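Residue numbers (UniProt numbering), protein chains in the order written: chain B, 1 to 202; chain L, 1 to 670.
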Amino acid sequence: MGCSASSAGKSSGLVRGSTLENSGMSDSKNLRIKLVLLGDSGVGKSCIVLRFVRGQFDPSSKVTVGASFLSQTIALQDSTTVKFEIWDTAGQERYASLAPLYYRGASAAVIVYDITCMETFHKAQFWVKELQKHGNPNIVMALVGNKADLEESRSVGHDVAQAYADANGMFLIETSAKTADNINQLFEEIAKRLPRTTPLQT
Amino acid sequence: METDSARESGEEENGFTQPEIGDDDIDNVAEDFRDGLGLLSPKEKTMEERRNGTLDSDNDSDDNSRIRTVDENGNADDSSRIEVEEGQSDSSRIEVEEGQSDSSRIEVEEGQADSNRQIAEFSSENNNFVEGHKEISEAREHLEDDFSEQEIEVEAPTSPSSSGYAGGRGSSSAASIGSASGSEEIRDALRSGDGVTECFGNGNGEHRGQASWAHGKRYSNEDETSISWRKRKKHFFVLSHSGKPIYSRYGDEHKLAGFSATLQAIVSFVENGGDHIKLVRAGNHQIIFLVKGPIYLVCISCTEEPFQALKGQLELLYDQMLLILTKSIDKCFEKNSKFDMTPLLGGTDVVFSSLIHAFSWNPATYLHAYTCLPLRHSTRQAAGAILQDVADSGVLFAILMCRHKVISLFGAQKAILHPDDMLLLSNFVLSSESFRTSESFSPICLPQFNPMAFLYAYVQYLGVDTYLMLLTTDSDSFFHLKECRIRIENVLVKSNVLSEVQRSMLDGCLRVEDLPGDPTLPSDSLSFRLRRDKNLQVAGSSTGTGRNTGIGGPAGLWHFMYRSNYLDQYVASEFSPPINSRNAQKRLFRAYQKLHTSMHDKDVGPHKMQYRKDENYVLLCWITQEFELYAAFDPLAEKSSAITVCNRVCQWLRDVESEIFLLEASPLSW
Ligand SMILES: Nc1nc2c(ncn2[C@@H]2O[C@H](COP(=O)(O)OP(=O)(O)O)[C@@H](O)[C@H]2O)c(=O)[nH]1
Ligand SMILES: [Mg+2]
């Protein structure tokens with residue numbers, strides 16, 4: 001598996017030639033996009049997805065071992081719908097060489113760190129660089145500081161993260177999968193930022 | 001056979017009298033620890049003779065026993081070339097060696113009695129015979145007077161001579177180990193530590209040889225945890241050749257760096273001499289090493305499981321690691337010998353601990369076979385048809401399972417799924433909660449199929465315990481597999497397969513009580529007893545008390561396990577009273593495991609049948625080209641009726657084979 005995003009991933013995620021990226025129909029009113037979650041283990045990626053997709057939070061959540069696929073459709077105010085096809089990957093260190101399998105052709109990436117742990121913020125920066133190098137060039141990137149409910153133990157300042165996000169053309173949002181704070185907003189914001197034009201069908 | 005029966009009936013009173021040993025201490029040793037191990041005995045010759053004697057007694061063959069055995073040429077032979085061993089004989093060395101127990105053992109596990117140091121020494125005397133026989137050279141160290149003798153057995157591929165190596169090792173010992181601290185560590189690892197004596201709660205006041213695998217000084221700051229850590233009966237460690245911890249069953253790998261380094265020192269010390277360390281015996285602990293390139297696997301156990309069994313477990317542990325990472329992990333060590341592997345295994349602890357747990361309940365771990373969920377033939381065919389359909393569309397393997405039992409599976413042409421791969425794959429999926437949450441598509445490696453390459457596993461649960469695994473080599477085929485799953489699920493729902501699966505889970509598998517009577521059997525007193533047993537069955541199972549023949553199946557049959565050698569599948573009866581407590585099940589599991597090991601001991605040659613008796617049960621193992629049968633009976637069961645019942649079990653399984661086995665999956669269909 002190559003490391004670079006070889007597919008001509010236009011931002012709608014309507015990428016052809018590779019079934020992992022997509023299949024089925026998507027039009028300007030109904031987007032279907034591939035989204036990948038990246039970040040150190042334990043930052044809350046799986047919790048974010050499960051909160052978004054199922055509205056649940058399980059504090060005893062289990063370590064992800066493989067790569068899970070979940071999807072969720074949201075309706076926007078302009079009466080368009082966006083179906084997120086989400087890859088929640090585990091063991092990104094383990095499968096470092098395989099990570100491109102999951103982010104290749106992705107239209108959106110959610111890069112998560114834990115606001116109570118500086119190390120996870122550094123890890124997030126690693127993923128940002130990785131995507132800048134090898135990801136879809138038009139990818140919408142969200143920098144997510146999760147566990148915002150643990151304000152008292154915060155060790156990654158909002159300003160620092162904001163500055164980093166601005167410098168790298170991403171948007172920052174602080175979430176809590178536990179309280180559901182900003183979870184839907186995260187995905188709505190991504191949906192809004194997705195380019196609206198359907199790639200040419202040839 | 002009659003001669004045998006006669007001799008046994010004399011022994012039946014106490015179950016396991018051993019006149020040949022004539023040592024009271026040994027009589028106290030639970031049979032569990034001596035069975036299956038007559039093979040390494042210094043009395044081997046006697047055993048051989050006796051077996052030959054048995055062979056000669058063909059004419060005495062009991063009419064009731066319709067056991068067919070297969071001779072060396074694979075010819076079935078009705079004249080019962082049955083080789084019977086009572087099991088309580090011949091095993092003086094091993095019994096003592098392995099049976100050297102302490103009182104804490106009794107509470108915890110196998111209910112074993114005390115034995116003493118004297119016996120340990122006696123056993124050491126006999127080692128040369130055994131090791132010579134096994135082409136293992138032996139090095140014995142006298143570390144300090146205080147310490148009991150430790151034996152180190154190493155494989156010496158170039159020279160099987162034992163004495164030369166032992167001498168060489170002794171003289172070069174200090175020099176080779178190098179640094180003083182290194183030698184201290186080795187000694188500490190091997191020495192019998194006071195802390196251990198204390199934590200094992202042994203009150204016999206004797207200084208027994210036991211491995212203190214905790215490095216006393218280093219872990220003195222965590223005494224509570226370290227005591228509990230030492231108390232564990234079975235440790236598994238994985239470390240790199242540079243001594244970096246990779247995995248530990250108990251405790252945090254990183255905190256065990258010092259201990260890991262000790263193990264590494266032991267291994268590399270022996271490896272430098274061109275040999276491979278295999279086994280260290282320290283009192284009632286065995287330390288088993290498995291070297292896989294840059295990865296060392298170690299098991300420290302006082303569970304008395306046979307060496308071969310523990311080695312097999314280390315092999316599976318290694319393969320489980322390969323399933324997650326592939327063998328290309330070796331390259332990381334080529335680039336950087338101090339490579340830290342733990343991040344690569346992050347989050348997979350549960351996979352290993354679940355596998356290690358399987359070593360104490362799942363027969364697949366030593367039978368190298370899988371088991372099927374019992375289903376009506378038509379139901380399984382319906383499932384098989386759709387899986388085959390999918391397998392023909394570019395899926396390498398399509399596997400439908402319920403917990404650890406196979407419902408159906410299909411491989412693409414010529415692709416054969418090894419039972420060990422199946423065990424490790426299902427363990428991987430079952431142990432990781434995240435597979436239950438959603439569908440997934442994960443890189444995995446099937447070590448027996450191809451240890452170097454990743455495959456991709458699409459996994460989705462179709463019910464509470466029922467899950468589908470579709471394996472492919474194509475990393476881009478997620479959506480194709482997802483479609484396949486939808487097709488499969490639709491068919492399974494329509495044809496009621498999923499509800500049948502649910503029902504089968506509730507009904508369970510074969511029960512010994514249901515073993516049908518044999519109409520061809522002459523109506524003698526035996527069949528009368530069988531009928532009576534059948535009537536008593538309900539009452540018997542409700543009382544749940546030990547030793548009466550009314551419990552279980554006919555002729556005191558308590559449990560059986562049957563492996564089809566053509567199919568690489570096994571079936572085991574449900575546990576029923578009196579094998580209903582977790583401990584009783586584990587004890588039987590271990591007894592089968594020992595039986596299995598002894599039946600497959602290469603040094604002694606193939607066994608066709610063993611009949612053993614102890615205070616817990618009569619165990620019968622019978623191996624032909626076609627199958628392996630393991631059966632446990634009430635200790636009061638008579639041998640002739642036990643043999644008859646075994647024949648009926650085999651007949652029964654033949655009659656219901658289409659329901660208990662997956663017949664289509666076999667490369668050699670029968
Ligand atoms: N307090 C708090 N804990 C969280 C939050 N999100 C996740 N967690 C906890 O963080 C741990 C790891 O979460 P998980 O989703 O498995 O992390 P992942 O490895 O990134 O998928 C779990 O114990 C969660 O309960 C959050 O928003 N707030
Ligand atoms: Mg996760």
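Backbone N, C-alpha and C fix where the C-beta goes; we use that ideal spot for every residue, glycine too. Keep in mind that this is a model prediction, so the values were computed, not measured.
Practice item. Quick one: which residues of the UniProt domain "FUZ/MON1/HPS1 first Longin" (234–355) of chain L get their C-beta closer than 8 Å to a C-beta of chain B? List them in chain order. Key: 324, 325, 343, 344, 345, 346, 347, 348, 350 and 351
Review point. At which residues does the alpha helix (DSSP H) containing residue 160 of chain B begin and terminate?
Key: Reading the first sequence from its first residue, position 160 is the one you call residue 160 of chain B. Here the alpha helix (DSSP H) through residue 160 of chain B covers 158–167.
Review point. Whole alpha helix (DSSP H) runs in the UniProt domain "FUZ/MON1/HPS1 second Longin" (394–487) of chain L with 4 or more residues, listed along the chain?
Key: 419–431 and 434–437
Exercise for review: Give a yes or no on whether the minimum CB-CB distance between residue 66 of chain B and chain L is below 7 Å.
Suggested key: Looking up residue 66 of chain B in the first sequence gives position 66. True, the Cβ-Cβ gap to chain L drops below 7 Å.
Practice item. Compute the minimum distance between the beta carbon of residue 564 of chain L and the heavy atoms of ligand 1, and state whether it is under 6 Å. Key: The residue labelled residue 564 of chain L in the question sits at position 564 within the second sequence. The answer is no for residue 564 of chain L.
Exercise for review: Over the uninterrupted alpha helix (DSSP H) stretch that includes residue 318 of chain L, give me the two end residues.
Suggested key: Residue 318 of chain L sits at position 318 when you count from the first residue of the second sequence. From DSSP, the alpha helix (DSSP H) with residue 318 of chain L extends over 307–325.
Point to revise | Where residue 740 of chain L sits in the DSSP three-state scheme | key: No information on residue 740 of chain L is available, as it lies outside the stretch 1 to 670 that chain L covers here.
Review point. So what does DSSP say about residue 133 of chain B, is it helix, strand or coil?
Key: Here residue 133 of chain B is taken as the residue at index 133 of the first sequence, counted from 1. If DSSP states are grouped into helix, strand and coil, residue 133 of chain B belongs with the helices.
Exercise for review: Under 6 Å Cβ to Cβ from residue 242 of chain L, same chain only, skipping five residues before and after it: list those, please.
Suggested key: The residue given as residue 242 of chain L occupies position 242 in the second sequence. Cβ within range, chain order: 337 and 338.
Check your understanding: Would you say the beta carbon of residue 64 of chain B comes nearer than 6 Å to a heavy atom of ligand 2?
Key -> Taking the first sequence and counting its residues from 1, the one referred to as residue 64 of chain B is at position 64. Yes, the beta carbon of residue 64 of chain B sits closer than 6 Å to at least one heavy atom of ligand 2.
Exercise for review: Rank L/608, L/239, L/645 and L/247 by C-alpha distance to the C-alpha of residue 352 of chain L and give the top, closest one.
Suggested key: Along the second sequence, read from residue 1 onward, the residue named residue 352 of chain L stands at position 352. Among L/608, L/239, L/645 and L/247, the Cα nearest to that of residue 352 of chain L is on L/247.
**Study point:** Three-state secondary structure (DSSP) of residue 608 of chain L
**Key:** The residue labelled residue 608 of chain L in the question sits at position 608 within the second sequence. Residue 608 of chain L: coil per DSSP, three-state reduction.
Check your understanding: Which chain L residues sit within Cβ distance under 7 Å of residue 95 of chain B?
Key -> Stepping through the first sequence from its first residue, residue 95 of chain B is reached at position 95. Those are 443, listed as they occur along chain L.
Exercise for review: Could you check if residue 361 of chain L is buried or exposed, using at least 16 other CB atoms within 10 Å of its CB as the buried criterion?
Suggested key: The count along the second sequence starts at 1 and reaches residue 361 of chain L at position 361. Residue 361 of chain L should be labelled exposed.
Practice item. Compare the C-beta of residue 109 of chain B with all C-beta atoms of chain L and state if any pair is closer than 7 Å. Key: Against the first sequence, residue 109 of chain B aligns to sequence position 109. Judged by the 7 Å Cβ criterion, residue 109 of chain B is not in contact with chain L.
Exercise for review: Kindly indicate which residue of L/235, L/254, L/249 and L/516 has the alpha-carbon position closest to the one of residue 343 of chain L.
Suggested key: Here residue 343 of chain L corresponds to residue number 343 of the second sequence, with the count starting at 1. Ranked by how close their Cα comes to the Cα of residue 343 of chain L, the residues L/235, L/254, L/249 and L/516 have L/254 in first place.
Review point. Can you check whether the CB of residue 386 of chain L is closer than 7 Å to the CB of residue 486 of chain L?
Key: Locating residue 486 of chain L in the second sequence gives position 486, where the first residue counts as 1. Locating residue 386 of chain L in the second sequence gives position 386, where the first residue counts as 1. The answer is no: Cβ separation not under 7 Å.
Review point. By Cβ distance, which residues of its chain are closer than 7 Å to residue 498 of chain L, with the 5 residues on each side in sequence left out?
Key: Translated into positions along the second sequence, residue 498 of chain L becomes position 498. Contacts found: 462, 463, 466 and 492.
Exercise for review: Give the residues of chain B in contact with residue 512 of chain L, contact being defined as C-beta atoms less than 7 Å apart.
Suggested key: The residue you call residue 512 of chain L lines up with position 512 of the second sequence. Around residue 512 of chain L, no beta-carbon contact reaches into chain B at under 7 Å, the shortest distance being about 38 Å.
**Study point:** Beta-carbon spacing of residue 471 of chain L, residue 355 of chain L below 7 Å
**Key:** By one-based count along the second sequence, residue 471 of chain L stands at place 471. By one-based count along the second sequence, residue 355 of chain L stands at place 355. Not a contact, by the Cβ cut-off of 7 Å.
Exercise for review: Please check if any C-beta of chain B sits within less than 7 Å of the C-beta of residue 393 of chain L.
Suggested key: Start at 1 with the first residue of the second sequence, and residue 393 of chain L comes out as number 393. False, the Cβ-Cβ gap to chain B never drops below 7 Å.
Practice item. Output, in chain order, the set of chain L residues within a Cβ distance shorter than 7 Å of residue 106 of chain B. Key: For the purposes of this step, residue 106 of chain B is taken as the residue at position 106 of the first sequence. Within chain L, no residue comes near residue 106 of chain B; the closest Cβ sits about 13 Å away, beyond 7 Å.
Check your understanding: Is the Cβ-Cβ distance between residue 78 of chain B and residue 49 of chain B less than 7 Å?
Key -> Taking the first residue of the first sequence as 1, we reach residue 78 of chain B at position 78. Taking the first residue of the first sequence as 1, we reach residue 49 of chain B at position 49. No. Outside cutoff.
Point to revise | Residues bridged to residue 682 of chain L (per DSSP) | key: Nothing about residue 682 of chain L can be read from this structure; chain L reaches only from 1 to 670.
Review point. At a cut of 8 Å, does the segment 36–54 of chain B reach the segment 114–126 of chain B through at least three beta carbon pairs?
Key: yes
Review point. Measuring CA to CA, which of L/587, L/345 and L/350 is closest to residue 578 of chain L?
Key: The residue given as residue 578 of chain L occupies position 578 in the second sequence. Nearest C-alpha to residue 578 of chain L: L/587.
Review point. Of all the beta strand (DSSP E) runs that stay within the bounds of the segment 58–112 of chain B, which reach a length of 3 or more residues?
Key: Fully enclosed beta strand (DSSP E) runs of 3 or longer: 67–75 and 81–89.
Practice item. Identify the continuous beta strand (DSSP E) that holds residue 592 of chain L and give its terminal residues. Key: The residue given as residue 592 of chain L occupies position 592 in the second sequence. Run containing residue 592 of chain L: none in the beta strand (DSSP E); it sits in the alpha helix (DSSP H), 582–599.
Exercise for review: Indicate the three-state DSSP secondary structure (helix, strand or coil) for residue 625 of chain L in the structure shown.
Suggested key: As a working note, residue 625 of chain L is residue 625 in the second sequence. Note: residue 625 of chain L maps to coil in three-state DSSP.
Exercise for review: Can you have a look at residue 601 of chain L and say buried or exposed, based on whether 16 or more other CB atoms are within 10 angstroms of its CB?
Suggested key: Position 601 of the second sequence, counting from 1, holds the residue named residue 601 of chain L. By the 10 Å Cβ count, residue 601 of chain L comes out buried.
**Study point:** Length of the line joining the Cα atoms of residue 372 of chain L and residue 451 of chain L
**Key:** Numbered from its first residue, the second sequence carries residue 372 of chain L at position 372. Numbered from its first residue, the second sequence carries residue 451 of chain L at position 451. Rounded to the nearest angstrom, the two C-alpha atoms are 26 Å apart.
Check your understanding: Quick one, which residues of the segment 411–435 of chain L are near chain B if we go by CB-CB under 9 Å, in chain order?
Key -> 428, 429, 431, 432, 433, 434 and 435
Review point. With distances taken between CB atoms, is the gap from residue 570 of chain L to residue 367 of chain L smaller than 7 Å?
Key: Taking the second sequence and counting its residues from 1, the one referred to as residue 570 of chain L is at position 570. Taking the second sequence and counting its residues from 1, the one referred to as residue 367 of chain L is at position 367. Closer than 7 Å, so yes.
Review point. Residue 112 of chain B versus chain L: which residues are under 8 Å apart at the beta carbon?
Key: Numbered from its first residue, the first sequence carries residue 112 of chain B at position 112. Here the premise fails: no neighbours, minimum Cβ distance about 16 Å.
Point to revise | N-terminal and C-terminal residue of the beta strand (DSSP E) that residue 30 of chain B is part of | key: Locating residue 30 of chain B in the first sequence gives position 30, where the first residue counts as 1. Looking at the DSSP string, the run of the beta strand (DSSP E) that includes residue 30 of chain B is 30–39.
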